[in-house]
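What follows is one structure encoded as structure tokens, with my remarks underneath.
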Amino acid sequence: AQSVSQHNHHVILSEAASLELGCNYSYGGTVNLFWYVQYPGQHLQLLLKYFSGDPLVKGIKGFEAEFIKSKFSFNLRKPSVQWSDTAEYFCAVNRNTGKLIFGQGTTLQVKP
Amino acid sequence: DGGITQSPKYLFRKEGQNVTLSCEQNLNHDAMYWYRQDPGQGLRLIYYSQIVNDFQKGDIAEGYSVSREKKESFPLTVTSAQKNPTAFYLCASSIDSRAPYNEQFFGPGTRLTVL
């Protein structure tokens with residue numbers, strides 16, 4: 001079955017630490033990749049997306065993600081996290097069907 | 113103020129009752145979606161609609177029903193046949209589901225508790 005896996009379910013970091021959240025998907029062919037974020041009490045919103053071109057994608061708030069086709073991965077990174085980055089992060093994949101398949105989500109807690 | 117509204121924010125129902133969750137968008141988007149969010153399971157697609165008067169089942173459609181009579185509205189009914197209805201329900205829309213790189217925009221969600 002098609003699936004999206006986020007290996008880290010709960011991550012705790014101190015401010016200024018670097019962040020990398022893993023995302024892997026299980027199927028080949030053309031894919032479109034997304035990272036969404038859900039801040040406490042707020043709507044789910046798009047952080048960044050990849051559908052073609054440069055595999056290193058930059059998003060809002062200093063986040064970036066790298067698409068590595070050979071590894072079926074789309075990991076999210078940020079060099080230095082802030083307390084305000086505390087949120088739940090979701091990786092999602094669209095296989096040209098219009099439907100998004102979401103990973104399980106990763107809860108990030110940043111300690112001030 | 114453009115966006116997606118969902119009402120109510122919190123909803124309580126007795127077991128065996130049907131309940132309808134509202135979703136309205138003023139973004140002029142063609143496609144609309146309903147997801148269910150459970151802890152540790154991410155978002156799972158219940159139903160989606162690409163155009164008015166048309167909708168398709170998602171991955172977990174059993175026990176749910178929808179309608180799409182207007183472009184702006186996509187209500188979801190949780191029926192008594194849904195075995196585990198207590199969850200957080202999210203509605204989303206996108207310009208066109210046939211352009212898969214289009215992002216989906218999400219509403220604030222409705223938390224349904226069945227007692």
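First to last, the sequence lines map onto chains A and B. In this text, residue positions in the first sequence follow my numbering: the first is 1, and each later residue adds one. In this text, residue positions in the second sequence follow my numbering: the first is 113, and each later residue adds one. Even for Gly, the Cβ is constructed at its ideal location relative to N, Cα and C.
- Ranked by Cα distance from B:Lys183, the options B:Ser205, B:Gly170, B:Phe200 and B:Pro197 are led by B:Ser205.
- Short of 6 Å from the beta carbon of A:Asn32, and not among the five residues preceding or following it, lie these beta carbons of its own chain, in chain order: Phe51 and Asn94.
- In terms of beta-carbon proximity, B:Leu224 stays away from the interface with chain A, with every pair separated by 9 Å or more.
- Per the Cβ contact rule, the segment 16 to 26 of chain A is not in contact with the segment 119 to 128 of chain B (fewer than 3 Cβ pairs under 8 Å).
- Residues of the same chain with a CB within less than 6 Å of the CB of B:Leu155, apart from the 5 flanking positions on each side, are Tyr147 and Gln149 in chain order.
- For B:Gln137, no CB of chain A lies under 9 Å from its own CB, so it is not counted at the interface with that chain.
- In this structure the segment 85 to 99 of chain A does not touch the segment 191 to 200 of chain B; the number of beta carbon pairs closer than 8 Å is below three.
- Runs of beta strand (DSSP E) with 3 or more residues, each lying fully within the segment 29 to 94 of chain A, are found at 32 to 38, 44 to 50, 56 to 58, 64 to 68, 73 to 78 and 87 to 94, listed in chain order.
- Beta-bridge annotation (DSSP): A:Phe102 is paired with A:Ala92.
- Taken in chain order, the complete beta strand (DSSP E) segments of 3 residues or longer contained in the segment 126 to 185 of chain B are 131 to 137, 143 to 150, 154 to 161 and 176 to 178.
- Within the segment 195 to 224 of chain B, Leu202, Ser209, Arg210, Pro212, Tyr213, Glu215, Gln216, Phe218, Gly219 and Pro220 place their CB atoms closer than 7 Å to a CB of chain A, listed in sequence order.
- Take B:Ser161, set aside five residues on each side of it, and the residues of its chain with a beta-carbon closer than 8 Å to its own are Ala143, Met144, Tyr145, Phe167, Gln168, Val178, Arg180 and Phe186, in chain order.
- Between B:Leu123 and chain A, the shortest Cβ-Cβ separation is not below 9 Å.
- In its chain, beyond the 5 residues on either side, Asn24 and Tyr25 have a beta carbon closer than 6 Å to the beta carbon of A:Phe72.
- When secondary structure is reduced to three states using DSSP, B:Leu227 falls in the coil class, being assigned neither helix nor strand.
- Under the 10 Å beta carbon count, B:Gln137 is surrounded by 16 or more other beta carbons and is classified as buried.
- Counting along the chain, the unbroken beta strand (DSSP E) around A:Glu20 starts and ends at Leu19 to Leu21.
- Contact check for B:Thr117 against B:Pro220 passes: the beta carbons are separated by less than 9 Å.
- If you draw a straight line from the Cα of A:Pro55 to the Cα of A:His9, it comes to about 25 Å.
- In this chain, A:Thr97 is not harboured by any beta strand (DSSP E), its DSSP state being neither H nor E.
- Annotated three-state conformation of A:Gln6 is coil, per DSSP.
- In chain order, Leu19, Lys61, Lys78, Leu108 and Val110 place their CB closer than 8 Å to the CB of A:Asp85, counting only its own chain and leaving out the 5 sequence neighbours on each side.
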